[in-house]
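Residue numbers (our numbering): 1 to 216.
Every residue, glycine too, gets a C-beta built ideally from N, C-alpha and C.
Just so it is clear, the structure is predicted and the values come from calculations on it, not from any experiment.
Below is one structure, written out as structure tokens; the observations come after it.
Here it is as structure tokens:
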């Protein structure tokens, strides 16, 4: 299992150095019949397009044939005593039906809440990254609303409480979040979108807004 940091550089471009170096380490130890599962938060396609080729090249083995692989994103919330590793559903994926089943069964040994079997590695990667992107967007929205309401002399939390009486309203509060993942992971999605010729407007605008908030 590979679980290493996935930061961005000074230009907010994904820095894959830790996960690629980890892949080199795996390549030195892996043998036929082994399984390798990545847990680091990355953009969809990173496991199969960036990491596995390194293992294949350095080990002389062929991913999917000589060894199986999968992706199961970590969902640990540091310091949270309620939502723990064992009681949080684990997303799992594999390169084929056999690997998916074996990986799922392995995690089920300790994950009391059970696992969600994603249909592909890319789906699992995308599922993780939108968790943090969605939260980042919503917190960014609440920060801007808080500024507006403050200028109006309105208590933001009173507004949230009032709006929260609607069944489909999601309660998010203004402020910052702990850890680096919320403020960093969206850049991985933006980077991949740019590679595909699509420029994100909503996500990028929110990142600019959150950076201004942090600076202020």
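Going by beta-carbon coordinates alone, are residue i and residue j separated by less than 8 Å?
i           : j           : result
residue 70  : residue 93  : yes
residue 57  : residue 75  : no
residue 73  : residue 39  : yes
residue 42  : residue 1   : no
residue 61  : residue 32  : yes
residue 7   : residue 184 : yes
residue 170 : residue 138 : yes
residue 95  : residue 123 : no
residue 87  : residue 112 : yes
residue 145 : residue 156 : yes
residue 29  : residue 55  : no
residue 79  : residue 192 : no
residue 66  : residue 16  : no
Whose C-alpha, out of the options, is nearest the C-alpha of residue i?
i           : options               : result
residue 173 : 140, 185 and 148      : 140
residue 117 : 167, 99 and 129       : 99
residue 4   : 18, 135, 164 and 153  : 18
residue 128 : 81, 189 and 59        : 189
residue 10  : 163, 153, 187 and 104 : 187
Does residue i come out as helix, strand or coil in the three-state DSSP assignment?
i          : result
residue 60 : coil
residue 89 : coil
With a cut-off of 8 Å on the beta carbons, I'd call residue i and residue j a contact; round off their distance for me.
i           : j           : result
residue 47  : residue 125 : 6 Å
residue 102 : residue 35  : 7 Å
Is the beta carbon of residue i within less than 7 Å of some heavy atom of the ligand ATP?
i           : result
residue 137 : Among the components of this structure there are no ligands whatsoever, and the ligand ATP is therefore not found.
Tell me, please, whether the CB atom of residue i is closer than 8 Å to any CB atom in chain D?
i          : result
residue 66 : Although the question refers to chain D, the structure presented lacks it and comprises just one protein chain.
Give, in chain order, every unbroken run of the alpha helix (DSSP H) that is at least 4 residues long and sits entirely within the stretch 5-81. Runs of the alpha helix (DSSP H) lying entirely within the stretch 5-81 and spanning at least 4 residues, in chain order: 17-29 and 52-59.
Which complete alpha helix (DSSP H) runs does the stretch 97-124 hold, if anything under 4 residues is left out? Counting only runs of 4+ residues, the alpha helix (DSSP H) found wholly inside the stretch 97-124 occupies 97-108, in chain order.
For a minimum of 4 consecutive residues, which ranges assigned as the alpha helix (DSSP H) are wholly contained in the stretch 122-191? Contiguous alpha helix (DSSP H) elements confined to the stretch 122-191 occur at 156-163, taking only those with 4 or more residues.
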